[in-house]
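Structure, as structure tokens:
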Amino acid sequence: MTAPPLYWSTLSELDQDGEYRARVGEEFYPEAKPERFFEVAGDEEKIVSPFSRRTFLKFSAFSALVAAVSGCERPVQKVLPYVAKPEEINYGVANFYASTCRECAAACGLLVKTREGRPIKLEGNPDHPMNRGALCARGQAGVLNLYNPDRLKSPVRAQRKGNLVEASTNGFAKMAEFDKEIGAAIAGTRGRVVLLTPTISGPSNERLIKDFLSVTTNAQHVMYDALETGEERELYNTVFSKPVTPRYRFQNANVVLNLGGDPLGQHVSQSEIQRDWAAKRAPNAEGGMSRVYTFEPVPTLSGINSDYRHAVRPADLFRAGLVIAALVYKQLKASSAANAVVKNADTEKLLGGVDAESLAQETGIALKEYERVAKSLVDAPTRSIVYTKGAAADTADAKNLHLLGILMNAMLGNYQNTIDTIVTTSKQSLGSTAAMQQLVSDMNSGAVEVLIFHGVNPAYTLPKSVGFAQALAKVKLVVSLNLMMDESASLADIAIPAVHGLESWGDAEAQTGVYSMQQPAINPIFGETSADPTFATRAWQESLMAFMVAAGSPVFRRVPSKADIQRLMEDQGTTDTLKLDPKSLQPYNITWYDYIRETWRDQIYARTPFASPTFEAFWTTLVQTGVLDTVGAQSRNGALAAPNINPALMGSIGAPAKSEGLTFVAQPSVVHGDGSSMVNPFLLELPDSVSKVCWDNYASIAPSLAKQLDVEDGEYVNVTVG
208 MTAPPLYWST
218 LSELDQDGEY
228 RARVGEEFYP
238 EAKPERFFEV
248 AGDEEKIVSP
258 FSRRTFLKFS
268 AFSALVAAVS
278 GCERPVQKVL
288 PYVAKPEEIN
298 YGVANFYAST
308 CRECAAACGL
318 LVKTREGRPI
328 KLEGNPDHPM
338 NRGALCARGQ
348 AGVLNLYNPD
358 RLKSPVRAQR
368 KGNLVEASTN
378 GFAKMAEFDK
388 EIGAAIAGTR
398 GRVVLLTPTI
408 SGPSNERLIK
418 DFLSVTTNAQ
428 HVMYDALETG
438 EERELYNTVF
448 SKPVTPRYRF
458 QNANVVLNLG
468 GDPLGQHVSQ
478 SEIQRDWAAK
488 RAPNAEGGMS
498 RVYTFEPVPT
508 LSGINSDYRH
518 AVRPADLFRA
528 GLVIAALVYK
538 QLKASSAANA
548 VVKNADTEKL
558 LGGVDAESLA
568 QETGIALKEY
578 ERVAKSLVDA
588 PTRSIVYTKG
598 AAADTADAKN
608 LHLLGILMNA
618 MLGNYQNTID
628 TIVTTSKQSL
638 GSTAAMQQLV
648 SDMNSGAVEV
658 LIFHGVNPAY
668 TLPKSVGFAQ
678 ALAKVKLVVS
688 LNLMMDESAS
698 LADIAIPAVH
708 GLESWGDAEA
718 QTGVYSMQQP
728 AINPIFGETS
738 ADPTFATRAW
748 QESLMAFMVA
758 AGSPVFRRVP
768 SKADIQRLME
778 DQGTTDTLKL
788 DPKSLQPYNI
798 TWYDYIRETW
808 RDQIYARTPF
818 ASPTFEAFWT
828 TLVQTGVLDT
838 VGAQSRNGAL
848 AAPNINPALM
858 GSIGAPAKSE
868 GLTFVAQPSV
878 VHGDGSSMVN
888 PFLLELPDSV
898 SKVCWDNYAS
908 IAPSLAKQLD
918 VEDGEYVNVT
928 VG
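For what it's worth, this note's numbering labels the leading residue of the sequence shown as 208, then goes sequentially.
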């Protein structure tokens, strides 16, 4: 029998089975699909192509030749030059604009490359202290979402079933009608008005939502992130007596322990984490190269980049954590480095009696492996991280595991160096699954009469068992402000399309004290400047402002100031106010852009000393650089004061739960996250970081289990949980 190959790409090739031997002579094998996939099958529904692969490639080459020849002809369309070329535009020369990425809640700094006024490439802003020039694949692919032809282009009445009633010949006139209808519903409702969004940060956004909540006494804002449960934030609130989402400083960590966590692949701030991780994994890193231990049930990006990786069942993650915590406690208690948390009686009660050897046997991992991890952690005081945040860790013991991770980090003194809960805490994952479940319950009870949502698609991301669609049917008015007519938008009454992040103004505060500006790099493609009068899109913030104005809110009403009048006179070259248009001297509603400037002038510039002599100079610099760091590099990475921790709350950590049968682990894709990017062709073509699979979803099953289930590689399976 032939020995198995040293390197292989499929299980069939590893086993040298009959299928492999039959296909080994095929062109491009094993990377390509078998030739039978390109041949006529008996079932017409399964026919992929009526000719062989070689014939297909011949036709492809011919088509390419025809395209090349036809490309030499003059284009049929007329290309017209600028009548009055903008001063900043030079033909063939790219312009760059600083902005903020809006593809996820991380809100990384962005550099937008444009040619002739059109964004063509996105990269990270090197001046942003968070991502420092790095940008994930999802962020770089965001430019394709801008040009997506499936974007919703006009306000429509969705009629709850996706039966769209197209807008009138004037899209903005129709939008104004919808504004009045929605405003009247908000003003006249006796029930609750709910705004549902993903994590929202930034001084202008936060102020706008606060103003929205003041419109009616029953207004509520719910933040929901599909892959962020909010449990970590709630537990930190319990232990630290304040709501906080920690910022992990992997660049300061000499030892990292992942217990079901995947910081490289699943952390909300991937670009920042990956950059910091890579800096410390270099052999010449300051303080030495970090050492990484991972315990996980499925391969992750963090796991395959670890020094020691141990495969454990999901139910055994907490057991593995208890073994390590008990060993760490035993070593610290006997040393002079024991802090108040180690000496606390509740810590002794929890970890003093743990039978580490028995628990280690239950996990199937030798005790000496756990001892190696514990020694590494103890030998790196204040310079380690115990990370428990990840989909694999969301088991019946999830709360116990997270609390145990907090306790271990406290015993090791990590909150003084590698885990920031004081200076620059994260504001990138503020959503709560519990709040979302409560919203569904309130909708079912009829308490919610108006629901306005933007940037979320719960009908797709929530399990059907939650019953979001059924609960939505009990809400009197549902308004979508999403970019596309997705699963949730099709269940709305009215859908008013939002613009892409590259088409609008905005701001963000991804981490406490780190602000970034979002500026448009192009006019809205389906806006007022488009050729089609039915097109009408606007920023979701502008829609919210329009609803509030229609509801009778005076919060955006302004009276022209002396400075406004002076500016108007200077623009018209006059010193006589009587020559000004009377309408320009009357009270007016400010725009979203003016609202942002007003917020930054009153809340940031007026309260913080800056070198800029005037607000205009400050604003110009802010827009040009795209970022304002009020913390500073030294504070961001320096030593931290030890936070106040209540060890008594650790008494709520219970015993490991029992688990029988198979356990299903739903592992999010590093590329697609919650699946909202599955319409992006760039990301569909990008292979998964671990499995290298692209274009498709897949189920990973161990070969031994697959044999028991009589499942072969390449077959489709139905997975039922519960």
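For every residue, glycine included, the Cβ atom is placed at its ideal position computed from N, Cα and C.
For residue i and residue j, I'd like the C-alpha separation in whole angstroms.
{"i": "LEU829", "j": "GLN725", "result": "10 Å"}
{"i": "ARG498", "j": "LEU464", "result": "9 Å"}
{"i": "PRO761", "j": "SER819", "result": "32 Å"}
{"i": "PHE660", "j": "ALA391", "result": "18 Å"}
{"i": "GLN779", "j": "VAL663", "result": "45 Å"}
{"i": "TYR431", "j": "ARG590", "result": "33 Å"}
{"i": "ASP920", "j": "GLU892", "result": "21 Å"}
{"i": "SER883", "j": "SER750", "result": "22 Å"}
{"i": "ARG230", "j": "ASP523", "result": "41 Å"}
{"i": "LYS973", "j": "VAL706", "result": "Because the chain is modelled from 208 through 929, residue 973 falls outside the range shown and cannot be assessed."}
{"i": "ARG405", "j": "LYS537", "result": "According to the sequence as given, residue 405 is Pro; it is not Arg. Roughly 43 Å separates the two Cα atoms."}
{"i": "GLU441", "j": "THR668", "result": "22 Å"}
{"i": "VAL918", "j": "TYR354", "result": "41 Å"}
{"i": "HIS474", "j": "TYR298", "result": "41 Å"}
{"i": "ALA301", "j": "LYS683", "result": "49 Å"}
{"i": "ALA460", "j": "THR815", "result": "33 Å"}
Around the C-beta of residue i, are 16 or more other C-beta atoms found within 10 angstroms, so that it is buried, or is it exposed?
{"i": "THR798", "result": "exposed"}
{"i": "GLU777", "result": "exposed"}
{"i": "TRP902", "result": "exposed"}
{"i": "PHE419", "result": "buried"}
{"i": "PHE303", "result": "exposed"}
{"i": "ASN444", "result": "exposed"}
{"i": "GLN307", "result": "Sequence check: residue 307 is Thr here, not Gln. THR307 is buried by the Cβ-count criterion."}
{"i": "TYR923", "result": "exposed"}
{"i": "VAL273", "result": "Confidence at VAL273 is low in this model, with a pLDDT of 43, below 50, so the placement of that residue should be treated as unreliable; the coordinate-derived value is given next. The residue in question, VAL273, is exposed, as its Cβ has fewer than 16 Cβ neighbours within 10 Å."}
{"i": "ASP693", "result": "buried"}
{"i": "VAL549", "result": "buried"}
{"i": "PRO521", "result": "buried"}
{"i": "SER216", "result": "exposed"}
{"i": "TYR577", "result": "buried"}
{"i": "PHE266", "result": "Caution is warranted here: a pLDDT of 47 is assigned to PHE266, below 50, making its placement in the model unreliable, and the coordinate value is therefore given only provisionally. The residue in question, PHE266, is exposed, as its Cβ has fewer than 16 Cβ neighbours within 10 Å."}
{"i": "LYS487", "result": "buried"}
{"i": "PRO888", "result": "exposed"}
{"i": "ILE171", "result": "Outside the displayed span of the chain (208 to 929) sits residue 171, for which this structure offers no information."}
{"i": "ASP604", "result": "buried"}
{"i": "ALA248", "result": "At ALA248, the pLDDT of 42 sits below 50, so the modelled position is not reliable; the number obtained from the coordinates is stated separately. Under this definition ALA248 is an exposed residue."}
Going by alpha carbons, who is nearest to residue i out of the options?
{"i": "LEU614", "options": "PRO212, ASN851 and ILE296", "result": "ASN851"}
{"i": "PRO767", "options": "ASP801, PRO504 and VAL686", "result": "ASP801"}
{"i": "LEU342", "options": "SER639, PHE379, CYS315 and THR321", "result": "CYS315"}
{"i": "TYR328", "options": "ALA312, GLY346 and ARG339", "result": "Here the sequence assigns Lys to residue 328, which means Tyr is not the residue at that position. Here the closest residue by C-alpha is GLY346."}
{"i": "ALA873", "options": "LYS537, ASN461 and ASN904", "result": "ASN904"}
{"i": "THR625", "options": "LYS899, GLN635, ALA849 and ASP553", "result": "ALA849"}
{"i": "ALA348", "options": "ASP334, GLY495 and VAL886", "result": "VAL886"}
{"i": "ALA168", "options": "ASN853, LYS681 and VAL673", "result": "Outside the modelled stretch of the chain, which goes from 208 to 929, sits residue 168, for which no answer is possible."}
{"i": "GLY858", "options": "VAL918, TYR500 and THR554", "result": "THR554"}
{"i": "ALA753", "options": "THR719, ILE732, THR741 and TYR795", "result": "TYR795"}
{"i": "LEU539", "options": "LEU679, ALA581 and ASN459", "result": "ALA581"}
{"i": "ARG689", "options": "LEU402, ILE296, GLY324 and SER509", "result": "For the sequence presented, residue 689 should be read as Asn rather than Arg. Out of LEU402, ILE296, GLY324 and SER509, LEU402 has the C-alpha closest to the C-alpha of ASN689."}
{"i": "THR827", "options": "GLY232, GLY225, ALA305 and GLU294", "result": "ALA305"}
{"i": "SER448", "options": "LEU856, ILE701, LEU869 and GLY861", "result": "LEU856"}
{"i": "LYS671", "options": "SER687, ASP788, VAL647 and ARG482", "result": "VAL647"}
Which residues in the same chain as residue i place their Cβ atom closer than 7 Å to its Cβ, once the five residues preceding and following it in sequence are excluded?
{"i": "VAL721", "result": "PRO336, MET337, THR631, ASP836 and VAL838"}
{"i": "THR595", "result": "LEU466, GLY467, GLY468, LEU608, HIS609 and GLY612"}
{"i": "VAL286", "result": "Its pLDDT being 46, under 50, VAL286 is placed unreliably in this model, and the coordinates cannot settle the point."}
{"i": "ALA666", "result": "PHE675, ALA676, GLU694, SER695 and LEU698"}
{"i": "ARG765", "result": "PRO794, TYR795 and ILE797"}
{"i": "GLN623", "result": "THR589, ALA846, LEU847 and ALA849"}
By Cβ distance below 8 Å, which residues in the same chain neighbour residue i in space, the five residues on each side in sequence not counted?
{"i": "THR736", "result": "ASN730"}
{"i": "VAL928", "result": "PHE871"}
{"i": "PRO410", "result": "ASP714, GLU716, TYR722, THR806, TRP807, GLN810 and ILE811"}
{"i": "PRO282", "result": "Because PRO282 sits at a pLDDT of 41, beneath the cut-off of 50, its placement in the model cannot be relied upon, and the point is left open."}
Using C-beta distances below 6 Å, list every residue in its chain close to residue i, excluding the 5 sequence neighbours before and after it, in chain order.
{"i": "PRO894", "result": "CYS901"}
Within the 9 Å Cβ cut-off, does residue i reach chain B?
{"i": "VAL231", "result": "Looking at the structure shown, chain B is missing, and only one protein chain is on hand."}
Between the segment 526-533 and the segment 563-572, do three or more beta carbon pairs fall short of 8 Å? The segment 563-572 and the segment 526-533 touch, with three or more beta-carbon pairs separated by less than 8 Å.
Segment contact, 8 Å Cβ cut-off, at least three pairs: the segment 532-544 with the segment 420-430: No contact exists between the segment 532-544 and the segment 420-430.
Are the segment 433-440 and the segment 628-642 in contact at 8 Å, needing three or more beta carbon pairs? Under the 8 Å Cβ criterion, the segment 433-440 counts as touching the segment 628-642, having at least three qualifying pairs.
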